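Using full-length UniProt numbering, read the sequence shown as starting at 1 and increasing by one per residue.
Quick reminder that beta carbons are idealized off the backbone N, C-alpha and C, glycines included.
Here the structure is a predicted model, which means the values were calculated and not measured.
Scroll down for the structure; my scribbles are underneath it.
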Amino acid sequence: MMSWMLCKNHACLMQDLVSFSFLIYSLATSSFILGGSLFNAMDTILVIGLGLALLVIHTSFYDCVGTSVGLVILVITITCACLIHDRRKLQHIKNHYFRRHGGLLLYEEMKSKQGLAFKIFSEEELQQATNKFDEHQVLGQGGNGIVYKGHLKDNLEVAVKRCMTIDEQKKKEFGKEMLILSQINHKNIVKLLGCCLEVEVPILVYEFIPNDTLYHLIHGNYNGWHIPLVTRLRIAHESAEALAYLHSCASPPILHGDVKSSNILLDSNLSAKVSDFGASILAPTDETQFVTLVQGTCGYLDPEYMQTCQLTDKSDVYSFGVVLLELLTRKKPFNLDALEHEKSLSMRFLSAMKENKLSDLLDDQIKNNENMGFLEEIAELARQCLEMSGVDRSSMKEVRDKLDRLRKVIEHPWTHDNPEELESLLGESSCVVISEVESTGNFSIERKVVKGLESGR
């Protein structure tokens, strides 16, 4: 009887050893498929645990204590097996998202570009950088996502943006588009450092800008702080410079898609840096590529874009026109608490311009006789940006050039009484001659547009 039980025990042992060998083969095969080493730490625990469990149970057949120990080890091992299964399932999902967002294509593109400072981050890296996306790390949030402050392992400070949604049409080309955006190098554009593609909606990693946004400077705790007109004009010009670069100098051209004051960051010198390409798209090359989901922020959205679902460079121009209004009036672009006809700042502004009541909207800090001429020039530029039809709006290059001329004049007041020096400052193509004329005891600014030397001077 005892001999029969021993034989049966040995037979069971052999059967379990066969199963044990099959487990090792399965682990090695799955590990090879996933591209990893033969066994990682968890796999090793599983193999050793099962081996110990089998050994203890069978060598301690008559020992109740040994059998109990074996059962405990077996339970622990089964738990580890479940964890490994869940981890592999998660890895499979991550691989699926990575491929869906164009990760493989991005890898190939990165190989062909030597010295490219762009990185594909893992979700784990960004969780560590942001303390698992802790709410205390939040820098800001909007319709496109939430931005967190993060610290990478090399102590580099970054801004990590978790996007809310992504256009289905953009998913396959997302990685490639991110690579193109990462190659943008402009002093007034926030640098894109990398992205994470192994999540359902990609995560973007930008350089960190230590100061706050233009929105907070205008509407936030700084609301009582005096912002000189020259500072506002410089911020407007730098922002326009960045957008003009995206539209005209980037290859291929890039449309921002969500221009607003909260997407214009300010460094320690209050220099503007345009950020957040969450809604950006490469400029379409044919009509079929124009169709897209309407994205943006209430108060800044181009009415033509809302009607046609066609994002163009003139959509960015319209949104920038609203930013100009914020700088002129220090009022928010949309006020839900206001009367119906006063909710939209752009509508209030256009109405005031039509009724010649611009002065009623202007910020008292900059509204004075000395500045009035400049304010009217900027207001007229804003009006051109806010034309209902995109073809009637100025281009960003034209907006940039106009702001550049006004900025040079206001930053060099000693040239106002010297037309020749002013013309030299502004260039040969066009210039603005400003003379102060005393009228009824007050100073007003008389602006004369003088065509360049080619037109008769």
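query: Is it buried or exposed for Ala117, if we count other Cβ within 10 angstroms and need 16 for buried?
result: With fewer than 16 other Cβ atoms within 10 Å, it is exposed.
field: Contact check, Tyr206 vs Leu214, beta carbons under 8 Å
entry: A distance of 8 Å or more separates the beta carbons of Tyr206 and Leu214.
message: Can you tell me where the alpha helix (DSSP H) holding Lys402 begins and where it ends?
response: Met396 to Glu411 is the extent of the alpha helix (DSSP H) around Lys402.
task: Could you check what DSSP says for Gly299 in three-state terms: helix, strand or coil?
output: Reduced to three states, the DSSP call for Gly299 is coil.
field: Through-space distance from Lys153 to Arg99, alpha-carbon basis
entry: For Arg99 and Lys153, the distance between alpha carbons rounds to 26 Å.
task: Pull up the distance between the alpha-carbon of Glu177 and that of Ser395, whole angstroms please.
output: Pairing Glu177 with Ser395, the inter-Cα distance amounts to about 24 Å.
query: Secondary structure at Ser261, three-state DSSP: helix, strand or coil?
result: In this structure, Ser261 counts as helix in the three-state DSSP scheme.
field: C-beta atoms of Thr165 and Tyr148 nearer than 8 Å
entry: Cβ atoms of Thr165 and Tyr148: not closer than 8 Å.
task: Taking 8 Å as the threshold, find out whether the segment 359-373 comes into contact with the segment 381-393 through three or more Cβ pairs.
output: Fewer than three beta-carbon pairs drawn from the segment 359-373 and the segment 381-393 are found closer than 8 Å, and the two stretches are therefore not classed as touching.
message: As a quick exercise: from Ala244, Pro210, Ser315 and Leu104, pick the residue whose alpha carbon is nearest that of Leu156.
response: Its Cα nearest to that of Leu156, the residue Pro210 stands out among Ala244, Pro210, Ser315 and Leu104.
message: Need the endpoints of the alpha helix (DSSP H) that Gln128 sits in, please.
response: Glu123 to Ala129 is the extent of the alpha helix (DSSP H) around Gln128.
- prompt: Residues in its own chain within less than 6 Å of Lys161 by CB, not counting five upstream and five downstream?
  reply: Around Lys161, the same chain offers Gly145, Val147 and Leu204 as residues with beta carbons nearer than 6 Å, after the five sequence neighbours per side are excluded.
task: Check the C-beta distance from Val399 over to Leu381 and give it rounded, since I have them as a contact under 8 Å.
output: Cβ-Cβ separation between Val399 and Leu381: approximately 6 Å, consistent with a contact (criterion under 8 Å).
message: Looking at chain C, is there any beta carbon in it that lies within less than 8 Å of the beta carbon of Ser248?
response: Protein chain content of the structure displayed is limited to a single chain, and chain C is not contained in it.
- prompt: Quick one: complete beta strand (DSSP E) runs, 3+ long, within the segment 144-228?
  reply: Segments of the beta strand (DSSP E) lying fully in the segment 144-228: 145-151, 157-163, 192-196 and 203-207.
Closest by C-alpha distance to Ser122, when choosing among Ala159, Arg383 and Pro202: When each option's Cα is compared against that of Ser122, the closest is Pro202.
message: Looking at Leu362: is its Cβ nearer than 8 Å to the Cβ of Thr329?
response: With contacts defined as CB atoms closer than 8 Å, Leu362 and Thr329 qualify as a contacting pair.
field: Range covered by the beta strand (DSSP E) that runs through Leu345
entry: Not the beta strand (DSSP E): Leu345 falls in the alpha helix (DSSP H), residues Leu345 to Lys354.
Cβ-Cβ distance between Leu106 and Leu179 below 8 Å: Yes. Within cutoff.
- prompt: Based on the DSSP output, what are the partners of Lys273 in its beta bridges?
  reply: Lys273 pairs with Leu265.
- request: Give the DSSP bridge partners of Val322, in chain order.
  value: Answer by DSSP bridge pairing: none, since Val322 is not bridged.
message: What does the alpha-carbon distance come out to for the pair Arg348 and Asn269?
response: Cα to Cα, Arg348 sits roughly 32 Å from Asn269.
query: Would you call Asp316 buried or exposed, if buried means 16 or more other Cβ atoms sit within 10 Å of its Cβ?
result: The residue in question, Asp316, is buried, as its Cβ has 16 or more Cβ neighbours within 10 Å.
field: Residues bridged to Phe334 [DSSP beta-bridge criterion]
entry: Beta-bridge pairing links Phe334 to Ser344.
task: Whole angstroms is fine: what's the gap from Val432's alpha carbon to Pro228's?
output: Any reading at Val432 must be qualified, since the residue scores a pLDDT of 40, below 50, and its modelled position is unreliable; no value is offered.
task: Look up Gln365 in the DSSP assignment and give the residues it is bridged to.
output: DSSP, once it has assigned bridges, lists no residue as partnering Gln365.
- prompt: Could you give the distance in angstroms between the alpha-carbon of Ala236 and the alpha-carbon of Glu411?
  reply: When rounded, the distance between both Cα atoms is 14 Å.
message: For a test of the three-state rule: what should DSSP assign to residue 512, helix, strand or coil?
response: The structure shown has nothing for residue 512, since the chain only spans 1 to 457.
query: Going along the chain, which residues of its own chain have a beta-carbon closer than 6 Å to the beta-carbon of Val323, five neighbours each way excluded?
result: Taken in chain order, the residues that qualify are Ser261.
- prompt: Shortest alpha-carbon distance to Leu406 belongs to which of Phe174, Cys163, Thr231 and Leu217?
  reply: Of the listed residues, the one whose Cα sits closest to Leu406 is Thr231.
With 16 other Cβ atoms within 10 Å as the buried cut-off, status of Gly456: With a pLDDT of only 38 at Gly456, under 50, the local geometry of the prediction cannot be trusted, and no value is derived from it.
Pairwise C-alpha distance: Asn263 and His226: Between the alpha carbons of His226 and Asn263 lies a gap of roughly 22 Å.
- request: Buried or exposed for Val138, please, with buried defined as at least 16 other CB atoms from any protein chain shown within 10 angstroms of its CB.
  value: Counting other Cβ atoms within 10 Å of its Cβ, Val138 stays below 16 and is therefore classed as exposed.
query: How about Ala240 and Ile189: are their beta carbons less than 8 Å apart?
result: It is not a contact, given that the beta carbons lie outside the stated cut-off.
message: With a threshold of 7 Å on Cβ separation, who are the neighbours of Glu238 within its own chain once the five nearest residues in sequence on each side are excluded?
response: For Glu238, where only same-chain residues beyond five positions count, the Cβ hits under 7 Å are Asn188, Ser271 and Ala272.
task: Hey, could you find the ends of the beta strand (DSSP E) Gly140 is sitting in?
output: Element bounds for Gly140: Val138 to Gln141.
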